[in-house]
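Each residue of the sequence shown is one higher than the one before, counting from 15 in the working numbering.
Beneath this line is the structure, given in structure tokens, with notes to follow.
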Amino acid sequence: MPELPEAEASRRYLDSSVLYKKIEVVDVLDERILGNVSKERIISDLEGRQIVHTVRHGKYVGAELDSSQVLILHFGMTGKVRFFKRNESAPRFVTMQLNFENGDQLAFTCIRVLCRVFFCESMKEFIEWKNLGPDALDGLTLGLFKDLISRRTGRIKAVLMDQHFLAGIGNIYADEILFQSGIHPMRTADTIFEDEIAQLFNSIGVVLNEAVDAGANWALIPKDYLLNVRGPGGKCPSCGTQLEMVRVVGRSSYYCPKHQF
Numbered sequence: 015m016p017e018l019p020e021a022e023a024s025r026r027y028l029d030s031s032v033l034y035k036k037i038e039v040v041d042v043l044d045e046r047i048l049g050n051v052s053k054e055r056i057i058s059d060l061e062g063r064q065i066v067h068t069v070r071h072g073k074y075v076g077a078e079l080d081s082s083q084v085l086i087l088h089f090g091m092t093g094k095v096r097f098f099k100r101n102e103s104a105p106r107f108v109t110m111q112l113n114f115e116n117g118d119q120l121a122f123t124c125i126r127v128l129c130r131v132f133f134c135e136s137m138k139e140f141i142e143w144k145n146l147g148p149d150a151l152d153g154l155t156l157g158l159f160k161d162l163i164s165r166r167t168g169r170i171k172a173v174l175m176d177q178h179f180l181a182g183i184g185n186i187y188a189d190e191i192l193f194q195s196g197i198h199p200m201r202t203a204d205t206i207f208e209d210e211i212a213q214l215f216n217s218i219g220v221v222l223n224e225a226v227d228a229g230a231n232w233a234l235i236p237k238d239y240l241l242n243v244r245g246p247g248g249k250c251p252s253c254g255t256q257l258e259m260v261r262v263v264g265r266s267s268y269y270c271p272k273h274q275f
């Protein structure tokens, strides 16, 4: 599932391709993706408008319009945005498409139809409606992180993945953050020592920024990262120990038994 780095890559892609282009026609091809808005409203509120700014909070990407309203995308398991010209073939699995006045087009594709589209008066309103925690990269401080952790007692991996606690971290990057911190995914938040909280906070920033800088392209991620070998039969990139797997909130969690405690 796309996590914060993938969402940020999509935001930057939108920023570089669709700003200040007038939306002429909106095609909603699969209404199952519509979260809090009807097909009729999203068409009427988007047509004739321009996207003037893009934002991101956690795994959600927002396209702010010249009306100040915001179109918000959640990518589910397989959602993607694809920009193409009038003379180019449309991609497969298009669920919604924006057709611009100059002939350019933007498709929101989703193979498994788990992506969602929302429409709100502002990103702030959406964050409050969804009760999302602070963004895992933007504005998170060590003091705030310590305060948030102090209120939790669940498994540390489950805590990191809870979007009400911190927005943007999913299964794969939670494993990487815990690996880089030397913390076992089954530890409970109330057993994490203060120096470990600081290390965890640092790892969140390092891992997510590294992935963002790589454009969420794993081929560009450092070779000593867990995600390069994460899976059955994988070995720790630091010591070569066979990785072990446990399930946390139903998700496969890989870790090195030699240096994650």
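All residues carry an ideal CB built from backbone N, CA and C; glycine is no exception.
Own chain residues within Cβ distance below 6 Å of residue i, not counting five before or after
{"i": "T92", "result": "C124, I125 and R126"}
{"i": "K94", "result": "T123"}
{"i": "F159", "result": "F215"}
{"i": "A225", "result": "P19"}
{"i": "H67", "result": "E78"}
{"i": "Q213", "result": "S195"}
Presumed contact (8 Å Cβ cut-off) between residue i and residue j, rounded CB distance
{"i": "A181", "j": "G147", "result": "5 Å"}
{"i": "I170", "j": "I206", "result": "6 Å"}
{"i": "E20", "j": "A228", "result": "Wrong, their Cβ atoms sit about 11 Å apart, outside the cutoff."}
{"i": "G219", "j": "L151", "result": "7 Å"}
Nonlocal neighbours in the same chain, by C-beta distance under 7 Å from residue i, ignoring five residues either side
{"i": "A172", "result": "V262 and V263"}
{"i": "H88", "result": "K73, Y74, C129 and R130"}
{"i": "D238", "result": "P251 and S252"}
{"i": "V40", "result": "I56, I57, L60, E61 and L112"}
Residue of the options minimising C-alpha distance to residue i
{"i": "S266", "options": "V220, G248 and I186", "result": "I186"}
{"i": "Q256", "options": "K272, W232 and G196", "result": "K272"}
{"i": "L60", "options": "L222, N113, G90 and E20", "result": "N113"}
{"i": "R46", "options": "K237, D189 and M110", "result": "M110"}
{"i": "E208", "options": "L18, D161, L33 and E20", "result": "D161"}
{"i": "F107", "options": "V42, K35 and E115", "result": "V42"}
{"i": "K138", "options": "I86, R96 and E115", "result": "I86"}
{"i": "K144", "options": "D176, A233 and N223", "result": "D176"}
{"i": "M15", "options": "N223, G90 and Y34", "result": "G90"}
Other residues of its chain near residue i: CB distance less than 8 Å, five sequence neighbours each side excluded
{"i": "R100", "result": "G117, D118 and Q119"}
{"i": "V84", "result": "V69, G76, A77, E78, F133, C134, E135, S136, M137 and F140"}
{"i": "D189", "result": "K171, P199, L240, L241, R244, S267, Y268 and Y269"}
Every unbroken beta strand (DSSP E) within the region 18-104, with a cutoff of 3 residues, ordered by chain: Taking only runs of at least 3 residues, the beta strand (DSSP E) segments lying wholly in the region 18-104 are 37-42, 65-71, 74-79, 84-88 and 94-98.
Three or more C-beta pairs below 8 Å linking the region 161-168 and the region 134-142: Flag = no, the region 161-168 and the region 134-142 do not touch.
Meets three-Cβ-pair contact criterion under 8 Å: the region 25-42 and the region 194-212: no
Those runs of the alpha helix (DSSP H) which lie wholly inside the region 117-148 and span at least 4 residues: If we require 4 residues or more, the alpha helix (DSSP H) runs fully inside the region 117-148 come out as 137-144.
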